[in-house]
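The structure appears below as structure tokens.
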Amino acid sequence: AAPTGSGMTGLTPVSVTMPPLDAPAPPTQVTPPATPPATPPKKGKRASVLDTELSAAAGQPTSGPNRAPLIAAAGLAVLGLAGIGGGAYWWLNQSPAKPDTAQVDGGQVDGGATGTPGSEGDQPADSGSSADSRPVGNQDGGSRPLIMAGKKTLFERVLSKPGARFASAPGAEADGAPVPAFSVFYVYARKVVGGTPWVEVGASSDGHRDGWLPLDKLSDWKQSLVLKFTERSGRSPVMFLRDPEQVELYLADSSKARNAVHQAQFGDSTDPEIVAIEPAASAIPQDQFYLLPIFDSRESFDASGQPVQLLNVASIDPGDTPQVKGEGSAPAAKTDAFRTAIVLVVDTSVSMQPYIDRVRDVVHELHNQIAARGELDSVSFGMVGFRSNTDKTPGLEYTAKTLVSLDEGRNPDQFLQLAQQVKATNVSSHDFNEDAFAGVMEAVDGMDWSGYGGRLILLVSDAGAIRKNDPLGRTQMNEAEVREAALRKQIKIYALHLKTDAGKKNHGFAEQQYRSLTADANPQIGDLYIPVAGGDVKKFGDSIGEIGSVFADLVHKVRSDAPLEAPVAGNSIAAKTAAIGYAMHMDFLGHKSQARAPQLVTAWTSDRDLTNPQLPAFQVCVLLTKLQLNDLQQSLKVIVDAARRTQSSPKDFFQEIASASAHMARDPSKLARGSNLAQSGILGEYLEGLPYRSKSLNMNQDLWLSLSVAEQEDFIDELESKIRLYETFHNDTANWVRFGDAAPGDALYRVPLSTLP
């Protein structure tokens, strides 16, 4: 339970500064960027996390010296959701003033002055006219929520403030239980009673209304930009500070930031500017749903002149907030002991038998090593074989197949017996590239990963992978989408590329693919691509053995209660694997601890690690409902179908889009000459205004006609790959969340910004 009052032994959370529901909007112009240090950055250096995410979404490079602030204006209007949970924060306010008290989740949470300008206690209940010219008078949406001003399909949504309690009628006494802070509601009606504006809200968009709340207990939620903590594979715990100036001081001197982190965790005294810090002994689990609204942002620079974003956030762990996860939801790992699952995804095409045999022998050796320590239950091995399309070449027998399940692979004798039966085919497939992505997705979706804190796929092939543009590919996905599908289940992919003489012409293509497939958000890791020169069988086996041994040693240290040292940056397989293992174990400890943070804090932080600004602290996501994700998928299908139908007459492509807009009950007149897909009305309004660059949505008729046939095909392939990825999101039942009485269609999912079209 979250400590409160005196139970916090002097450590007190501070109040949330939430903008009033009808507060004036921030100015739309972008504010000038902060002045960089005297020494300018070199071209081609690091971009901020937001730039990296936005460029990834657009398929653009992330470097470049001329970068304008991307969310400086949007951040003021955005009230995003993301989360913090699973591991308690360290709260560091040593001598707070006696605060007022607010009801949150049925408990008392101190919420006094924070020293932050514009705190809730300093703001009047009604801060003036609405930014979107919404009338303050009476409104009622009937059986549907009210539509946002200036929109045609987007419903108004709000977040509840601390202390909100439902009333059965506007102006009546509150007679309901306290509403959990930051609950998401749709707006159904507005009414002014005795000069006080009231709002009728409901958790679901299907017409069910939960009750009335005073306007001053709600805050607008216009967009759903969200943040998610990155893995702890090298970064330090995030510090939350009272003022942005203090964040800039630490950015200018990373050694001072490192000392502050250490002192906050282990020292007797703490910088009074530090409000809270992530726990040192565990990480916030990657699959834990938590909320992190962004109230403000500004651009700054680190000591080397590289851009960073300063973020004013209010964080809350949902704690006991009623939430419903989808069917099939399961904990990421059992909480009794840290266990690791390693699945070998092996190319079983012609000429691969020596490598199949070596995989079997290396796993047998690892089993012996683990058995000698009495820890056979700590590591399990599985195996998947893949070839190519069996419709084209029936003699291949299978495209992808589970050969040894993780349950079977827990027993060394059973794994050995099954692995001895695996044979390479003697039938050649239609192309040198094989369907490696089918093999990876067979492992991702076909294996039971529950109960394992460490999750690895080791892909083994001497060829490239069949991509989306090959109609014979089973997954119809590309590298980035396959990687994201694995990350949804906290699985890391290694690629062991056998650079044999027979595949010389294919080496460059395959290397590019596998570096993308195994790319890691931590720049110190980069990717998990392992080339094996000449296809040397011994070196190949040594690489697998090294990865397996690092995780076996990690499990042994955990079982022995030996302290785990933070990973040291390095380019070796062992160094990268140690960092991956450390992050997975920290995530496991976050699940195991089940500690809950105090409910509220408002503070400033950075999108980068203050002790090493090269490392990102957050991933940018968009919180979409199930209905919105389905709408996005269907809209992309319409665009793809239109492109396919007009390949012989590309000038008709946008006319097809206009016709499709009419069929989808959207306004085809919006597609005027010169407008792009984002302005066409074919895509949902929930994408409008999001601060990300998209090469797909910026497509207009002139640009489309300027593309070659091959470039148009690449455009179509990319959208089709997104469609398939969204299907995996839809089927990822464990990570959909519903709060309160929300309908299934209003369930929420964190969609990485880089996966948007």
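One gets the working numbering by counting positions in the sequence shown from 1 and adding 649 to each.
Where is the CB? At the ideal position from N, CA and C, for every residue including glycine.
Using a threshold of 9 angstroms, state whether the C-beta atoms of residue i and residue j are closer than that.
i: R1009; j: A1092; result: no
i: T1254; j: A1266; result: yes
i: N1155; j: F1035; result: no
i: S949; j: V962; result: no
i: G1113; j: E1083; result: yes
i: V1289; j: L1368; result: yes
i: L1272; j: L1397; result: yes
i: L1136; j: S1110; result: no
i: K1117; j: R1373; result: yes
i: I1229; j: D1169; result: yes
i: L1276; j: D1395; result: yes
i: P1406; j: Q1361; result: no
i: F1189; j: V1181; result: yes
i: R891; j: E927; result: no
i: L1445; j: N1325; result: Nothing can be reported for residue 1445: it is not among the residues displayed for the chain, which extend from 650 to 1406.
i: A821; j: N787; result: no
Three-state secondary structure (DSSP) at residue i?
i: T677; result: Confidence in T677 is poor, its pLDDT being 36 and thus under 50, which makes the residue's placement too unreliable to answer from.
i: F1081; result: coil
i: A1232; result: helix
i: P1299; result: helix
i: G1034; result: strand
i: E948; result: strand
i: R858; result: coil
i: G767; result: Unreliable placement is indicated for G767, whose pLDDT of 31 sits below 50; no coordinate value is reported for it.
i: V828; result: coil
i: Y1004; result: helix
i: Y1375; result: helix
i: W1098; result: coil
i: V1217; result: coil
i: D1202; result: helix
i: Y899; result: helix
i: G851; result: strand
i: N1384; result: helix
i: I1047; result: Correcting the residue identity first, residue 1047 is Tyr in this sequence and not Ile. Coil.
Please report how far the alpha carbon of residue i lies from the alpha carbon of residue j, in whole angstroms.
i: R858; j: S817; result: 10 angstroms
i: V887; j: I1142; result: 26 angstroms
i: Q1162; j: D1176; result: 11 angstroms
i: T618; j: A909; result: Since the first residue of the chain shown is 650 and the last is 1406, residue 618 is not available in this structure.
i: A813; j: W847; result: 12 angstroms
i: A830; j: P1262; result: 32 angstroms
i: K1225; j: A1232; result: 11 angstroms
i: Q1282; j: D1390; result: 26 angstroms
i: S1403; j: G844; result: 46 angstroms
i: S1099; j: Q1296; result: 45 angstroms
i: V1217; j: V1033; result: 32 angstroms
i: P1212; j: H1234; result: 12 angstroms
i: S792; j: L867; result: 21 angstroms
i: I1196; j: H1205; result: 14 angstroms
i: E894; j: V1358; result: 52 angstroms
i: Q1066; j: E1057; result: 10 angstroms
i: P1061; j: V1207; result: 22 angstroms
i: E976; j: D855; result: Here E976 scores only 46 on pLDDT, less than 50, and its place in the model should not be relied on; the value that follows carries that caveat. Rounded to the nearest angstrom, the two C-alpha atoms are 21 angstroms apart.
i: T997; j: I1115; result: 15 angstroms
i: L959; j: V896; result: 8 angstroms
i: A823; j: P863; result: 10 angstroms
i: P819; j: A826; result: 16 angstroms
i: Q1139; j: D1301; result: 43 angstroms
i: V1287; j: G1031; result: 39 angstroms
i: D1370; j: L1045; result: Looking at the sequence itself, residue 1370 is Ser, so the reference to Asp does not match. Going by the C-alpha atoms only, they are around 25 angstroms apart.
i: I1331; j: M1348; result: 13 angstroms
Between residue i and residue j, how many whole angstroms is the CB-CB distance? I'm expecting something under 8 angstroms.
i: A952; j: S885; result: With 8 angstroms as the limit, A952 and S885 do not qualify as a contact, their Cβ atoms being about 16 angstroms apart.
i: M1090; j: L1055; result: Wrong, their Cβ atoms sit about 16 angstroms apart, outside the cutoff.
i: Q1268; j: P1401; result: 6 angstroms
i: V833; j: R806; result: 6 angstroms
i: A1134; j: T1377; result: 5 angstroms
i: A1144; j: I1179; result: 7 angstroms
i: V828; j: F815; result: 7 angstroms
i: G600; j: V994; result: The requested residue 600 is not part of the displayed model; the chain covers only 650 to 1406.
Using a Cβ-Cβ distance under 9 angstroms, would residue i count as near chain B?
i: V1400; result: Absent from the structure is chain B; it holds one protein chain and no more.
Three-pair Cβ contact test at 8 angstroms for the stretch 1125-1139 versus the stretch 1015-1031:
The stretch 1125-1139 and the stretch 1015-1031 do not touch, with fewer than 3 CB-CB distances between them shorter than 8 angstroms.
Pair every Cβ in the stretch 1037-1057 with every Cβ in the stretch 1018-1028, then say whether three or more of these pairs are closer than 8 angstroms.
The count of Cβ pairs closer than 8 angstroms, one atom from the stretch 1037-1057 and one from the stretch 1018-1028, stays below three, leaving the stretches out of contact.
Check whether the stretch 1024-1043 and the stretch 983-998 are in contact - that is, three or more C-beta pairs closer than 8 angstroms.
Touching, yes.
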